[in-house]
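Some notes on the structure that comes next.
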Amino acid sequence: MISLKQHAIAPAVPGAFIWDAGTLRTRTTSRISVQDETRDGFKKVAERQVIDEAFLDAYADGDLDIPGLQQLANQIRQELQQGSGVVWLQDRPGPEFTVPQLKLFYLAVGAAMGQTMRNYGRLYDVRDYGGSYKTERIPVSQTRAATGFHTDSSARNTMPDIVALLCLEQAQSGGESLVVSSAAIHEELRRTNMPVLTCLYREFIRDIVTPGTEQSKEALLDNRFPVFSQGLYSPDLSFRYMRYWIEKGHREANMDLSQSDMDALDVLDDLLASPQFSARFKLKAGDHLWVNNHIVAHNRTEYEEDPERPRHFVRMWIST
Numbered sequence: 095m096i097s098l099k100q101h102a103i104a105p106a107v108p109g110a111f112i113w114d115a116g117t118l119r120t121r122t123t124s125r126i127s128v129q130d131e132t133r134d135g136f137k138k139v140a141e142r143q144v145i146d147e148a149f150l151d152a153y154a155d156g157d158l159d160i161p162g163l164q165q166l167a168n169q170i171r172q173e174l175q176q177g178s179g180v181v182w183l184q185d186r187p188g189p190e191f192t193v194p195q196l197k198l199f200y201l202a203v204g205a206a207m208g209q210t211m212r213n214y215g216r217l218y219d220v221r222d223y224g225g226s227y228k229t230e231r232i233p234v235s236q237t238r239a240a241t242g243f244h245t246d247s248s249a250r251n252t253m254p255d256i257v258a259l260l261c262l263e264q265a266q267s268g269g270e271s272l273v274v275s276s277a278a279i280h281e282e283l284r285r286t287n288m289p290v291l292t293c294l295y296r297e298f299i300r301d302i303v304t305p306g307t308e309q310s311k312e313a314l315l316d317n318r319f320p321v322f323s324q325g326l327y328s329p330d331l332s333f334r335y336m337r338y339w340i341e342k343g344h345r346e347a348n349m350d351l352s353q354s355d356m357d358a359l360d361v362l363d364d365l366l367a368s369p370q371f372s373a374r375f376k377l378k379a380g381d382h383l384w385v386n387n388h389i390v391a392h393n394r395t396e397y398e399e400d401p402e403r404p405r406h407f408v409r410m411w412i413s414t
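To convert a position in the sequence shown, counted from 1, into our numbering, add 94.
Next comes the structure, spelled out in structure tokens:
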């Protein structure tokens with residue numbers, strides 16, 4: 095029988111990471127606009143390029159001279175790593191830009207912040223393919239279901255530092271993005287419920303869903319790590335969570351979660367979903383949402399789409 099290790103609880107979390115929904119709505123540094131110089135400069139550069147999949151796949155930071163791009167990337171990264179951990183990029187290249195041009199601008203900003211990860215492809219289409227993550231080993235992002243609050247990646251050795259979403263087409267209804275400071279949840283639990291916080295520092299098994307990875311019993315048992323940790327994935331606090339993959343991982347391993355485990359996850363879910371802590375965004379076509387995957391959990395509401403114009407987002411994972 096494997097041992098599910100108990101990890102030490104992190105000390106007090108930096109205050110900038112701690113916010114509630116009301117605080118985030120008033121935080122001006124979390125909403126960033128693209129300057130005219132950058133937008134116009136990008137337009138001139140983009141119009142000279144044939145932007146196909148091969149070009150996007152080969153693109154590296156610095157390949158194109160886009161005025162103000164690095165300053166924009168630095169501004170976003172500073173807010174992600176030293177501020178709230180959330181940036182909603184608005185006033186981006188607008189309707190006059192093609193989908194390939196919108197993808198290129200998004201990729202260029204991300205590549206200026208760090209290394210784009212290729213686990214699912216550096217630009218991963220988030221859209222409904224008609225399946226169910228409950229009956230197939232597919233990511234929830236390939237369905238129209240509500241995702242529940244989570245952080246990206248359920249693989250022990252894969253941890254994106256930054257997760258980004260580009261909106262290309264809104265849903266007809268629903269499909270809103272929600273974010274919550276997991277650091278705020280951590281400190282709320284420290285203040286009100288230390289037994290639950292302690293439980294969340296114990297290792298939990300996650301189901302293996304990444305395409306092309308080993309899915310043996312040994313690999314499953316090895317895919318275990320705590321919900322909250324310090325020092326495993328970051329010098330500071332890291333939050334790694336998606337409840338469904340924890341429950342399924344334990345079922346697959348024939349290691350049932352205890353009632354105290356389930357109670358702790360219930361408390362966590364209630365806090366994550368609380369209107370006090372969770373902020374809601376409705377991205378428009380061309381908008382970006384950037385989050386620090388260590389200290390911000392995100393969610394998506396269930397949606398309905400226009401069959402003629404299906405909802406389409408593009409995800410990017412970045413290692414810094």
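Where a beta carbon is used, it is the ideal one built from N, C-alpha and C, also for glycine. Just so you know, these numbers come straight off a predicted model, no measurement behind them.
In terms of Cβ geometry, Ala140 and Gln184 do not form a close pair [threshold 7 angstroms].
Under the three-state reduction of DSSP, Met410 is assigned to strand. Following the DSSP letters along the chain, one finds Gln353 inside the alpha helix (DSSP H) bounded by residues Gln353 to Ala367. Short of 6 angstroms from the beta carbon of Glu399, and not among the five residues preceding or following it, lie these beta carbons of its own chain, in chain order: Ala265, Gln266 and Arg405.
Fewer than three Cβ pairs drawn from the segment 153-168 and the segment 346-362 lie within less than 8 angstroms of each other, which leaves the two stretches out of contact. Counting only the Cα atoms, Phe111 lies some 10 angstroms from Leu331. Comparing alpha carbon positions, the residue from Leu314, Ala148, Lys342 and Ser271 closest to Leu260 is Ser271. For a cut-off of 8 angstroms, the C-beta gap from Ile389 to Ala277 is around 5 angstroms, short enough to register as a contact. Listed in chain order, the non-local C-beta contacts of Gln209 below 6 angstroms within the same chain comprise Ser413, local neighbours out to five positions each way being set aside.
Taking all protein chains in view, the Cβ of Val180 is crowded by 16 or more other Cβ atoms within 10 Å, so the residue is classified as buried. Under the three-state reduction of DSSP output, Pro320 falls in the strand class.
For Arg212, the three-state secondary structure derived from DSSP is coil.
Closest by C-alpha distance to Glu263, out of Pro289, Asp219, Ser310 and Gly135, is Asp219. Contact between Phe371 and Val274 is confirmed by a C-beta separation of about 5 angstroms, below the 8 angstroms threshold. The criterion of a C-beta distance shorter than 7 angstroms is satisfied by Leu163 and Ala202. Between Met253 and Tyr338, the C-beta gap is not smaller than 7 angstroms, which leaves the two residues out of contact. Beta-bridge analysis with DSSP links Ala249 to no other residue. Leaving aside the five residues that flank Val193 on each side, the residues in its chain whose CB is nearer than 7 angstroms to its CB run, in chain order, Leu262. Distances from the alpha-carbon of Lys197 to those of Asp363, Gln143 and Gln169 put Gln143 closest.
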